[in-house]
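Student: Just passing along the structure, written as structure tokens.
Residue numbers (the working numbering): 1 to 291.
Pasting the structure below:
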């Protein structure tokens with residue numbers, strides 16, 4: 001007969017601490033959502049609100065009408081469609097090559113990849129390279145600038161090390177080439193690490209704004225985070241110069257509109273994470289352990 005463990009005072013302390021930690025995360029998040037549905041006057045009266053007394057969708061309407069959020073979404077989706085497959089291909093192919101025994105030049109290549117995690121040339125050489133390639137002002141400059149992560153490659157390489165070498169040897173005896181082995185044998189067995197790296201690259205592309213600010217020039221090319229940044233910066237400028245602004249501009253860049261912008265940029269990535277969450281922990285733990 002299995003005896004139930006008693007609920008000790010230490011369990012109570014841990015429960016209280018976890019509850020307080022959860023509230024510290026949920027309350028600000030809930031407050032952001034509620035402010036996005038409130039008016040500017042109600043926010044001024046009650047900055048911390050549980051629920052607005054007069055909920056409104058005006059902030060979201062003005063955001064999508066004038067804030068450029070729709071264009072930002074489209075550009076970010078383009079970056080995801082272009083950058084995510086390319087990043088996964090580069091990371092997976094290099095990780096597979098460096099994980100195989102007897103790969104020619106394996107140690108020097110791995111050292112060069114590891115070296116980039118410690119030292120890099122900075123943004124100026126990268127910009128000059130993109131300029132020489134005539135990619136500045138193009139989405140491809142943003143895609144290629146963040147197309148490869150040495151950290152993600154090392155995680156995937158360590159995961160590939162855990163797979164039995166006998167599987168690859170059997171496939172080679174049957175006449176399979178390296179690309180056939182990678183796509184038909186290795187990747188189907190590597191769902192946890194592939195899901196983890198996909199999540200890492202997806203979040204990085206979704207939240208990326210610095211490369212776009214450096215390489216892109218036109219407002220209609222800017223991804224979602226740059227549009228959100230411009231809304232917040234412009235709202236702060238309008239707030240500091242409120243005396244010289246008319247009422248319509250003040251309403252357009254209200255706190256409710258800023259919170260609405262924050263919320264609509266968070267929702268897609270929040271929906272994306274649960275799809276890969278079941279593989280996430282296993283992929284990180286296995287890939288982080290060197291075998």
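Note that CB positions come from ideal geometry on N, CA and C, so glycine has one too.
Quick one: Cα of residue 98 to Cα of residue 260, how far?
Tutor: Taking the straight line from one Cα to the other gives about 45 Å.
Student: Answer with buried or exposed for residue 120, where buried requires no fewer than 16 other C-beta atoms within 10 angstroms of its C-beta.
Tutor: Label assigned to residue 120: exposed.
Student: In angstroms with no decimal places, state the Cα-to-Cα distance between residue 199 and residue 230.
Tutor: Straight-line Cα distance between these residues: approximately 26 Å.
Student: Comparing C-alpha positions only, which one of 271, 228 and 267 sits nearest to residue 71?
Tutor: The shortest Cα separation from residue 71 among 271, 228 and 267 belongs to 228.
Student: Along the chain, which unbroken stretches of the alpha helix (DSSP H) at least 4 residues long are found entirely within the segment 62-123?
Tutor: Fully enclosed alpha helix (DSSP H) runs of 4 or longer: 69-99 and 106-118.
Student: Do residue 202 and residue 80 have their C-beta atoms closer together than 8 Å?
Tutor: Yes, the pair counts as a contact, with Cβ atoms nearer than the cut-off.
Student: Throw me the rounded Cβ distance for the residue 93 and residue 147 pair, which I believe falls under 8 Å.
Tutor: That pair is no contact at about 12 Å.
Student: Out of 191, 36 and 62, state which residue places its alpha-carbon closest to the alpha-carbon of residue 311.
Tutor: Because the chain here runs from 1 to 291, residue 311 falls outside it and cannot be looked at.
Student: Just to check my reading of the structure: residue 262 and residue 32 have Cβ atoms closer than 8 Å, yes? What is that Cβ distance to the nearest angstrom?
Tutor: Residue 262 to residue 32, Cβ: 6 Å. Contact.
Student: Can you list, in chain order, the residues of its chain whose CB lies under 7 Å from that of residue 151, leaving out five sequence neighbours each side?
Tutor: Within the same chain, residue 151 has close Cβ partners 117.
Student: With H, G and I counted as helix, E and B as strand and the rest as coil, what does DSSP make of residue 130?
Tutor: It is helical.
Student: What does the Cβ neighbour count give for residue 210, buried or exposed, with the cut at 16 atoms within 10 Å?
Tutor: When all chains shown are included, residue 210 counts as exposed.
Student: Which residues in the same chain have their Cβ closer than 8 Å to the Cβ of residue 204, if we skip the five residues on either side of it in sequence?
Tutor: Around residue 204: 146 and 149.
Student: In its own chain, which residues sit with a C-beta less than 6 Å from the C-beta of residue 68, not counting the 5 before and 5 after it?
Tutor: Only 227 meet the Cβ criterion.
Student: List the whole-angstrom C-beta distance separating residue 75 from residue 221, where the pair is believed to meet the contact cut-off of C-beta under 8 Å.
Tutor: The Cβ separation is near 6 Å, so the contact holds.
Student: Can you give me the Cβ contacts of residue 157 inside the same chain, cut-off strictly under 6 Å, excluding the 5 residues immediately before and after it?
Tutor: Closer than 6 Å at the Cβ level, and outside the excluded window around residue 157, lie 95, 98 and 99.
Student: Taking the alpha helix (DSSP H) that residue 48 belongs to, which residues open and close that run?
Tutor: Where residue 48 is concerned, there is no enclosing alpha helix (DSSP H), given that its DSSP letter is neither H nor E.
Student: Whole angstroms is fine: what's the gap from residue 216's alpha carbon to residue 135's?
Tutor: Using only the alpha carbons, I get a separation of about 9 Å.
Student: Exposed or buried, which one is residue 51 when buried takes at least 16 other CB atoms within 10 Å?
Tutor: With fewer than 16 other Cβ atoms within 10 Å, it is exposed.
Student: Determine the contact status of residue 298 and residue 214, defining contact as a CB-CB distance below 8 Å.
Tutor: Because the chain is modelled from 1 through 291, residue 298 falls outside the range shown and cannot be assessed.
Student: State the DSSP-derived secondary structure class of residue 6, mapped to helix, strand or coil.
Tutor: Coil, per DSSP.
Student: Would the beta-carbon of residue 139 fall within 8 Å of that of residue 78?
Tutor: Yes; because the gap between Cβ atoms is below 8 Å, this pair is in contact.
Student: Expressed to the nearest angstrom, what Euclidean distance is found between the alpha-carbon atoms of residue 254 and residue 40?
Tutor: One C-alpha to the other measures close to 6 Å.
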